[in-house]
């Protein structure tokens, strides 16, 4: 069991696909870009059209294209390069690098970027994420402009003698590593003489994270560290049911901590020195506590743990909640900054954490570096134990079509408005009961309904989960 228990009722199978042709959102771009099963729901033609529309909105100049390790990555990156060239942009092909490495390149070069990745989704998936010339994911307003172009088939294609040229660029991974090394406390980490087990999960982090931690002065052991788009060692999502290898390796090597990533290495999930998974909400709370100052703002999503509320209250900081997904977190960070507020940390309990003073981007290596600063002073298990007051449970229910989805959401809404609790509809339906909460919402990237609950005991958390979980299950069975 993880530190600060997380009980996951999710089945072990892969979710059914959702992509540009079957999206259940009003937007083409969901909470983290466009995703679908490669060559079925997300084809090279789809990618070409998407980036033609994006390129028609981008300012003149070169655009960088990168990808994670998925087998369809090169195919779709080439389609992206063709689409950009067709609307007059020169293209810098960066190859396989983490999403935060592309973002660092975009910020450094002052050029927008296209990332071909499906992040934590299963190997058959791929996707498109768009980055601005400041290294930050595009705002919802800019994505809407691109969607308008896409819907109207209004791409600014150029004549034969104005098409862009494509160039392969080396050194992006090395530049990224150097930047992250400069941003963390190397002396403190090196002095602690830490042993770490790194599990990039066959994803893009294979190209950067082992080197990064060695350069920090750690003794590094690796597992699933060979780039492989089939993901033979584990699924790209770094959740407990996929992390048995790294847990065992931490125990067998007497390591101080295990560090795992998703497919594009913008997330980090940790294993303590006993081999136990550290609850992502506990890790987030610890990192916020170490960074936040009185008067700061902290941004999280509507599934935020009470641990985060407690930390913010203790620091006299303001916690702001928004919809789930990096797009919404980033928008809220920028809104708060525009209001003159200091946002010290933003993130979710899935390992995707943003440190705006570093970069407004989720960065798995940087997040891990900040966590190692804490482990240098205190064992990982003790860090987690300080935030072990709550139990989190969750359930994922698949649906087959829009009719079944609608029936499930109707059942959730009926249960929500019939409950004796405080209701928040920022993103789905969240009920606060005082001694715990439950949230139900449709995924922004997969054809599933997700239900989350938190309480101080597992029994109470399960009871809260059933408020929506039972309603969803019954609705699905009666359709």
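Numbering (our numbering), first residue to last: 104 to 582.
No residue lacks a Cβ here, since even glycine has one placed at the ideal position from N, Cα and C.
Since the structure is predicted, the reported quantities are computational estimates derived from the model, not experimental observations.
Going by beta-carbon coordinates alone, are residue i and residue j separated by less than 8 Å?
| i | j | result |
| --- | --- | --- |
| residue 457 | residue 463 | yes |
| residue 400 | residue 363 | no |
| residue 420 | residue 398 | yes |
| residue 311 | residue 197 | no |
| residue 307 | residue 461 | no |
| residue 479 | residue 291 | yes |
| residue 320 | residue 293 | yes |
| residue 429 | residue 135 | yes |
| residue 410 | residue 493 | yes |
| residue 339 | residue 229 | no |
So, with DSSP's three-state summary, where would you put residue i?
| i | result |
| --- | --- |
| residue 146 | coil |
| residue 574 | helix |
| residue 336 | coil |
| residue 126 | At residue 126, the pLDDT of 34 sits below 50, so the modelled position is not reliable and the matter cannot be decided from this model. |
| residue 468 | helix |
| residue 239 | coil |
| residue 151 | helix |
| residue 203 | helix |
| residue 474 | helix |
| residue 293 | helix |
| residue 286 | helix |
| residue 479 | coil |
| residue 563 | helix |
| residue 557 | strand |
| residue 581 | helix |
| residue 447 | strand |
| residue 160 | helix |
| residue 452 | coil |
| residue 229 | strand |
| residue 569 | helix |
| residue 170 | strand |
| residue 176 | helix |
| residue 441 | helix |
| residue 221 | coil |
Check each candidate in the options and name the one with the smallest Cα separation from residue i.
| i | options | result |
| --- | --- | --- |
| residue 518 | 558, 567, 489 and 379 | 567 |
| residue 378 | 360, 413 and 199 | 360 |
| residue 191 | 183, 344 and 306 | 183 |
| residue 372 | 547, 525 and 304 | 304 |
| residue 250 | 315, 157, 162 and 510 | 157 |
| residue 167 | 293, 484, 211 and 408 | 211 |
| residue 404 | 368, 454 and 376 | 454 |
| residue 496 | 539, 242, 490 and 511 | 539 |
| residue 255 | 152, 459 and 299 | 152 |
| residue 220 | 159, 160, 145 and 165 | 145 |
| residue 555 | 432, 547, 531 and 549 | 531 |
| residue 326 | 484, 348 and 342 | 348 |
For residue i, count the other beta carbons within 10 Å of its own beta carbon; 16 or more makes it buried, fewer makes it exposed. Which is it?
| i | result |
| --- | --- |
| residue 595 | There is no way to answer for residue 595, as the model of the chain reaches only from 104 to 582. |
| residue 263 | exposed |
| residue 521 | exposed |
| residue 582 | exposed |
| residue 465 | buried |
| residue 481 | exposed |
| residue 526 | exposed |
| residue 141 | buried |
Any heavy atom of the ligand GTP closer than 7 Å to the CB of residue i?
| i | result |
| --- | --- |
| residue 580 | Here there are no bound small molecules, and the ligand GTP is not part of this structure. |
Beta strand (DSSP E) segments (min. 3 residues) lying fully within the stretch 365-439:
372-374, 400-404 and 421-425
List in chain order: all unbroken beta strand (DSSP E) runs of 3+ residues lying wholly within the stretch 304-357.
322-325
Complete alpha helix (DSSP H) runs within the stretch 243-280 (minimum length 4 residues, chain order)
243-255
For a minimum of 3 consecutive residues, which ranges assigned as the beta strand (DSSP E) are wholly contained in the stretch 483-539?
494-501, 525-527 and 532-535
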